[in-house]
Each structure stands twice: as structure tokens, then as C-alpha cells.
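Remarks on the structure that follows.
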Ligand code: ATP
Ligand code: MG
Ligand code: FE
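Residue numbers (the UniProt record's numbering): 7 to 348.
Here you go:
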């Protein structure tokens, strides 16, 4: 089936088109620059930007795919979780297209879509798979027996998401927003990952094995930098970036591989914006190889929010014979990951 997918949970207006597991178009408009001076996404600004970008982005996707609206067999849309007002724009648009075309609509879970997108690049996901989803809003470990019907959370962040920690530490270091790519680059350009021993949150023997905490790390970095500044010494930005990044990536990969081991799973999928991190990709592959686990990471453009991932999950749902959503499906800002569809 040819599926048109809509994503508007945060600051990317994504419209994607897939045929089964084949990617036909992935058009994304982002309002990230409008949020940069605030150091974080402003919900009202994001919603308005989605409204303005929606129709042109749909047209761009159709043009890329060389298709007409009449060629679409089903519509899929992120129903949650995400920013309420932002989600509403995508859900309303998807409903309008589904109604006008007389085609079924699937309201889908954003996190499950982040998992499913890898199928567009690396083919069918092995069942079961383990998924580590790390983005600006989420850090979750998911056991995925079947991405269309059965996704089980093993743990998640109890405070800041991994990407949020990257963004906040970048701010402390005077780097730009979003911070992840800046920290990644600073670390690669001469940073020593062992320069400073920053704390590894929730890795004690009594700590929840699959939960994450990054706020203590963020505070430790801020204190370290402040102490340097008070002493009138220069801040070694590259070393701080590399050492911070090492702490995050160490915890993420350790917990993800432990989850694989304890659940007898030998495929680890990494998704979300932080999956673009070069150190995470390298360390995950190294550590996974050592224990016989295969790592799958979509290319960076598919890791950040996009419409193709939503279309990919829609196609998977059609193939699995899952019942479509009702046309009055709501946007659900706190949608649970256990619900793949709305
Ligand atoms: P959601 O959490 O709802 O998926 P989001 O927009 O915050 O929404 P993404 O677009 O998937 O999530 O990811 C953005 C996050 O990824 C930002 O926090 C950004 O700093 C981080 N990021 C992007 N590239 C890198 C990188 N190379 N290294 C580390 N973090 C990165
Ligand atoms: Mg984003
Ligand atoms: Fe996302």
C-alpha cells in the first residue's frame, strides 16, 4: 500500500510517503531556527509554523514521489505523544486528507514510528528487537516483539531526556541550539573523553537497570564549568564536551546491551535525534559486537522527526491487518507507548 504520513509532534512538519518498506518521499520543514533564541521549543510558535508549512510540505512530498493524491491508499499521523497544539495540526490535516480521499486513517504512536522507520533503510525488523530511543523529548528502552502490535517499555528517563541534556550542556558551554551536533563536533575536534570523570547516573547495583537519569550529569558539568570560570581559568570546551558525551553514551549503550542480554534479544535498534551522535554509533557497534548483538541505526535524516517514519508504521499496520482509527481520533499529548495506534 502507498501510505501518506504526517508528523507534527514537536518542531518538525514532516510529510512522508512510502510503499510498504520502500521510501518514496520524505519532506520536512522545521521551525528550529525560530526557537533557537529561546534555547528550547516554544509550543505556540511550533503550532503556527506547522499550520503554515503543512500544505506546501504535502505538495513537496507528492512531487518528490511523482504521485497524485489519488494514488494514496491510507493516511497515517502521529497522534501522540508530543506537544498538544502541535499534534492537533497534523491530526486535523491527516483527517482532512483521509476524509477527502475516502481512505483509512491510522493515528500512530510517535515512538513506535521512530522504531519502524529503520525498515525503510534496513528492511523488516527482526522480531523481537530491542529499541533504544533517544531524542530531545525521550530516552526509552523498548522491547519490540512486533512493532505493529506489541511494544513494551522496559525503562525510560526519570528526569531529562538524553537530547535535552546535550542541549542544556551545549548552552552552558556557549555552543548553539540544538546542542547535540555542536557537542558531537567539539568532541571530535580534539576533545578528550577521559579528561573529566563525570557521573554515570543510575548505574549503581541498586538502581533501576533500565531507567535513565541525566539531570545529575548536566548539573555536574555546569558546576565544573562554573568552578573553572570562578577561578579565572579557560574552559576546555572540547574536553568538557567529549567527557560529557562519553558519560551519556556509556550509560546508554551499557543499559541497552544489558536489556538485550536479559531478554535474549540479538538486534538493537537505535533511533531518535541523539542516534545521530557519532560516538554513540561507534560505541554501540563496538560493545554490541563483543556480545553478539547486531546494531541497526537509520541514517541521521531518518533518526530525527520526519513524516516517513509515520508512513512506515502506517504501512506496517496495513500489512498486519490492524484496524484503522476512527475519523474522530484525538491527539493525545501523553499517549502511552503500549498503544501503537490511537
Ligand atoms: P521528540 O523527542 O518528540 O522526538 P525532538 O525534536 O526533541 O522530539 P529529535 O528531532 O528526534 O527530537 O531530536 C532532537 C535532539 O537530538 C536534540 O536534543 C539534539 O540536540 C539531538 N541531537 C541531534 N544530533 C545530535 C548529535 N549528533 N549528538 C547528540 N545529540 C544530537
Ligand atoms: Mg526535533
Ligand atoms: Fe521524535
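No residue lacks a Cβ here, since even glycine has one placed at the ideal position from N, Cα and C.
Status (buried if at least 16 other CB within 10 Å, exposed otherwise) for residue i
i	result
residue 42	exposed
residue 211	exposed
residue 44	exposed
residue 224	buried
residue 283	buried
residue 110	buried
residue 130	exposed
residue 154	buried
residue 65	exposed
Cβ distance (whole Å) where residue i is taken to contact residue j below 8 angstroms
i	j	result
residue 199	residue 248	4 angstroms
residue 241	residue 235	7 angstroms
residue 167	residue 141	6 angstroms
residue 255	residue 275	With 8 angstroms as the limit, residue 255 and residue 275 do not qualify as a contact, their Cβ atoms being about 16 angstroms apart.
residue 9	residue 324	7 angstroms
Residue from the options with nearest C-alpha to residue i
i	options	result
residue 46	9, 100, 143	143
residue 107	127, 138, 75	75
residue 78	271, 119, 23, 127	23
residue 120	56, 302, 330	302
residue 278	305, 300, 293, 285	305
residue 272	251, 178, 297	297
residue 40	72, 102, 197, 50	50
residue 204	346, 250, 196, 191	250
residue 194	26, 288, 36	288
residue 32	348, 156, 20	20
residue 92	36, 300, 233, 123	36
Own chain, CB closer than 6 angstroms to residue i, minus 5 neighbours either side, in chain order
i	result
residue 185	172, 173, 176
residue 231	178, 241
residue 11	22, 82, 313, 316, 317, 320
residue 219	164, 165, 207, 208
Contacts around residue i, its chain only, beta-carbon distance under 7 angstroms, and the 5 residues preceding and following it disregarded
i	result
residue 216	147, 160, 161, 261, 265
residue 293	259, 263
residue 214	161, 208
Counting pairs of beta carbons, one from the region 15-23 and one from the region 308-320, are three or more of them closer than 8 angstroms?
With three or more CB-CB distances shorter than 8 angstroms, the region 15-23 counts as touching the region 308-320.
Indicate whether the contact test is met: 3 or more Cβ pairs, each with one atom in the region 85-98 and one in the region 322-338, closer than 8 angstroms.
Flag = yes, the region 85-98 and the region 322-338 touch.
Would you check if there are 3 or more beta carbon pairs closer than 8 angstroms linking the region 119-138 to the region 148-158?
The answer is yes - the region 148-158 touches the region 119-138, with three or more Cβ pairs under 8 angstroms.
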